[in-house]
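Structure, as structure tokens:
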Amino acid sequence: MSTRASSFDDTRTLQQLPDAIDAIQVQPSEKNVVDPFLVTLDPSEDPQHWTVLHKWLVTILGGILVLNATFASSAPSGILEQVIEEFNMSTEVATLMISLFVAGYCVGPIIWGPLSEEFGRRPVFIVAFIVYVCFQIGMALAKNTASLLVFRFIGGTFAACPLTNSGAIISDIWDARTRGKALAIFTVAPFAGPALGPTVAGFISVAGVSWRWLFWVLTMFAGVCWILILVAIPETYRPVLLVKKAKKMRKETGDDRYYAPMERDTKTLAQQVEHVLARPFKILFQEPMLMASTLYLSFVYGCLYLLFEAYPIVFTVGHGFDAGISGLMFLPIMFGGVTAVIGYLLIWNPRYEKEMARCAPEPVPPEYRLHMAIYASPLFAVSFFWFGWTSFPSISYWAPLMAGYVMGFSISWIFVSVPFDSGLTNV
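Per numbering that gives the first Met the number 0, the sequence shown starts with residue 0, numbered consecutively.
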């Protein structure tokens, strides 16, 4: 009897099994449940879905901001003699006008990078540039050596904002496939600025006007850039865009349940400050590749700034050029950088696109772009030996002049490839 009952129960269980399976299948997985109040961006709101024309406009504007900052870094090299004469300072102290500005480059990224990830790219640009404009005015009105040096350091700190965040904008709006072209063209700005600075300053020096006019020119340039930020550079950082959209939806619907992922961060103010200030150092010291890339790029950029002291000695003292013509000697560095970008677009980028197709759906290893640096790094060393061995007055000025072209070419390729190798531009 019990056997028949057991058989009946088993049969009934088997009959109910398909219904149980269907019931299980229609139950949604907790992992797949979409929170209806979690705010997302529509394609029209996502910066990576902007039109190509809009992306290039923002990229070019970001490059202009970097051009402004790097132009200001080297410009005083053409008016140092006038400053030395007016303030009766030594050559070593006058050189600090350049050194302290570049030192500000080291401090600024620690501040502007993390702040842009907390508050967005646009607000940080607006605040940093208006303060930068104020310190350019301070330079033009400075009455003593201390004012000059302090204003230059603080100005360099705020000028570091576009050096940090313009590249971040490129990562915000371009995908991994097209980012290389944008970054390559953008790379021209950090080398065009230092090359143009001494040229403009040199002609101001020989024009018979006060050295202060250089800083009024920098003030006007920075002011125009600030207006461009207000008018033409929108917010591009997706987490901040999501927060803005969530606030808008809560206001329009009256429903406080709408939220952005960034708003669920429960850190205290002290924890947020620690996060903002400590994270760059944590990333730097925990990633050996990033540390190596940072040290190498710092060395290369430092070598570039050595030229702002070497060129006047070679071309003004050695070959007898005035400050204006001597400033023109920096232009081959910029032309070399432009040639390097063209070479990248014609040679390396097509190879990279083929590699993307071969590796799909996996991403291309970031070290693939390091091939450019493998060629450019020895060329960079050769260009410095070339410049040093041909810098004598008995040798034609064309020899050290063309060494600058090779320097610009090699430095540009290094700066295009090494950041990609560190992997940060693809994060």
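Even for Gly, the Cβ is constructed at its ideal location relative to N, Cα and C.
Limits of the unbroken alpha helix (DSSP H) element including A191: Residues V187 to V205.
Option in A188, P279 and F391 with minimal Cα separation from V337: Just measuring C-alpha positions, the residue of A188, P279 and F391 sitting nearest V337 is A188.
Option nearest E352 by Cα separation, candidates F118, R178 and G62: For the residues F118, R178 and G62, the minimum Cα distance to E352 belongs to R178.
Rounded distance between the beta-carbons of G192 and L66, thought under 8 Å: Contact holds; Cβ gap of about 5 Å.
Closest by C-alpha distance to L40, when choosing among T163, P260 and R151: Measuring from the Cα of L40, the nearest candidate turns out to be P260.
Span of the alpha helix (DSSP H), counted from its first residue to its last, around I59: That run of the alpha helix (DSSP H) goes V51 to S73.
Cβ contact check for the stretch 122–130 and the stretch 155–162: 3 or more pairs under 8 Å: By the Cβ rule, the stretch 122–130 counts as touching the stretch 155–162, because three or more pairs are nearer than 8 Å.
Sub-8 Å separation of R176 and M355 beta-carbons: Closer than 8 Å, so yes.
Span of the alpha helix (DSSP H) around Q81: Looking at the DSSP string, the run of the alpha helix (DSSP H) that includes Q81 is L79 to F86.
Sequence-distant residues of the same chain with beta carbon closer than 8 Å to I23, five excluded per side: Caution applies to I23, whose pLDDT of 39 falls short of 50 and renders its modelled position unreliable; the value that the coordinates give is listed next. Sequence-distant partners of I23 (beyond 5 residues in either direction) whose C-beta falls short of 8 Å from its own C-beta are missing from its chain.
Coarse secondary structure for Y310, derived from DSSP in three states: In this structure, DSSP gives Y310 a helical state, which the three-state scheme calls helix.
Per DSSP, cross-strand counterpart(s) of L37: Bridge partners of L37: Y258.
C-beta atoms of K411 and L378 nearer than 8 Å: For the record, residue 411 in the displayed sequence is Ser; it is not Lys. Taking a C-beta distance under 8 Å as the contact criterion, S411 and L378 do not qualify as a contact pair.
Given P75 as reference, the closest of I110, A194, G112 and V123 once Cα atoms are compared: Comparing Cα-Cα distances from P75 to each of I110, A194, G112 and V123, the minimum goes to A194.
Contacting residues, own chain, Cβ-Cβ under 8 Å from G201 (five flanking each side not counted): So the qualifying residues of the chain are G77, D321, A322, G323, I324, S325, G326 and L327.
Contact check, I169 vs Q47, beta carbons under 8 Å: Taking 8 Å as the Cβ cut-off, I169 and Q47 do not qualify as a contacting pair.
Beta-carbon proximity list for I20, same chain, < 6 Å, skipping 5 on both sides: Low confidence applies to I20: its pLDDT is 36, below 50, so where it sits in the model is not reliable enough to give any reading.
Where V25 falls, given that 16 or more other Cβ within 10 Å makes a residue buried: Only weak support is given to the placement of V25: the predicted model assigns it a pLDDT of 42, under 50, and the value that follows is read from those uncertain coordinates. Result: exposed.
CB contact check: F307 to chain B, cutoff 8 Å: Among the protein chains of the structure shown there is no chain B, as only one such chain exists.
Sequence-distant residues of its chain with Cβ nearer than 7 Å to W225 (five each side left out): The answer, listed in chain order, is F128, I129 and V132.
6 Å Cβ shell around F414 - same chain, five flanking residues per side excluded: If you ignore the 5 residues before and after F414, its C-beta comes within less than 6 Å of the C-beta of T186, all in its own chain and listed in chain order.
Neighbour-count burial assignment, M96, 16 or more Cβ in a 10 Å radius: By the neighbour-count definition (other C-beta atoms within 10 Å, threshold 16), M96 is a buried residue.
Among I136, F383 and P35, the one whose alpha carbon lies nearest that of L306: Check the Cα spacing between L306 and each of I136, F383 and P35: the tightest is with F383.
Closest residue to T69 among W397, R151 and G317 (Cα-Cα distance): Ranking the options by Cα distance to T69, first place goes to R151.
Start-to-end residues for the alpha helix (DSSP H) that takes in D171: Run containing D171: T144 to I172, per the alpha helix (DSSP H) assignment.
Buried versus exposed, by CB contacts within 10 Å (16 or more), T58: Buried is the call here.
Segment contact, 8 Å Cβ cut-off, at least three pairs: the stretch 75–94 with the stretch 209–220: In short, these stretches touch, since the Cβ pair count reaches three.
DSSP-derived helix/strand/coil call for A359: In the structure shown, A359 sits in coil (DSSP, three-state: anything other than H, G, I, E or B).
Residues near A93 by beta carbon distance below 6 Å, same chain, minus five either side: If we look at A93 and ignore the five residues flanking it on each side, its Cβ neighbours are L79, V82 and I83.
Whole-number beta carbon distance between P233 and G112, since they are thought to touch under 8 Å: About 19 Å; that fails the 8 Å criterion.
The ligand ADP heavy atom lying under 7 Å from the CB of R368: This structure lacks the ligand ADP, and indeed carries no ligand of any kind.
Cβ-Cβ distance between V101 and Y304 below 8 Å: In contact: V101 and Y304 (Cβ atoms closer than 8 Å).
The alpha helix (DSSP H) enclosing V223, as first and last residue numbers: Judged by DSSP secondary structure, V223 falls within the alpha helix (DSSP H) whose first and last residues are R211 to A231.
Backbone CA spacing between I282 and L289 [nearest angstrom]: So the two alpha carbons sit approximately 8 Å from each other.
For P17, three-class secondary structure by DSSP: Summary for P17: the model assigns pLDDT 42, below 50, so the residue's position carries little reliability, and this model does not support an answer.
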